Each structure stands twice: as C-alpha cells, then as structure tokens.
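Data first, discussion second: the structure below is written as structure tokens.
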Amino acid sequence: VGTILLKDHVEHCVRESIEKGEGADEKIEELTAAVERFLRV
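Numbering-wise (my numbering), the sequence shown opens with residue 266 and increments by one.
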C-alpha cells in the first residue's frame with residue numbers, strides 16, 4: 266500500500282509541479298518526507 270501511495274504522489278503532485286515550474290522545491294521536500302515516512306513503516 267505504501268508504494269502505491271508513493272507512486273501516486275510522484276505521478277500526480279510532483280510531476281505536475283515540476284512540469285508547471287511551480288513550487289518544485291516544495292514538492293521535492295514533500296517527496297523526500299513521503300519516502301522517509303515510507304521507510305519507517
């Protein structure tokens with residue numbers, strides 16, 4: 266389940282932010298936090 270949520274987050278939120286050039290740094294930090302949470306599970 267964790268990998269599905271992480272993949273969904275990357276495919277939608279992070280990709281959209283990077284493509285639009287909006288808030289890419291914030292989305293990268295969100296992704297990093299999501300990976301850290303996933304690794305703790």
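By construction, the Cβ of each residue, glycine as well, lies at the ideal position given by its N, Cα and C atoms.
Because the structure is a prediction, the values reported are computed rather than measured.
Chain-order list of residues whose beta-carbon lies under 8 Å from that of E291 (same chain, five-residue window excluded)
Excluding sequence positions up to five before and after E291, its CB lies within less than 8 Å of the CB of S282, all in the same chain and listed in chain order.
Determine the DSSP secondary structure at G267, reduced to helix, strand or coil.
In this structure, G267 counts as helix in the three-state DSSP scheme.
Backbone CA spacing between F303 and G286 [nearest angstrom]:
Those two C-alpha atoms are separated by around 26 Å.
For K272 and R280, what's the separation of their Cα atoms in angstroms?
C-alpha separation (whole angstroms): 11 Å.
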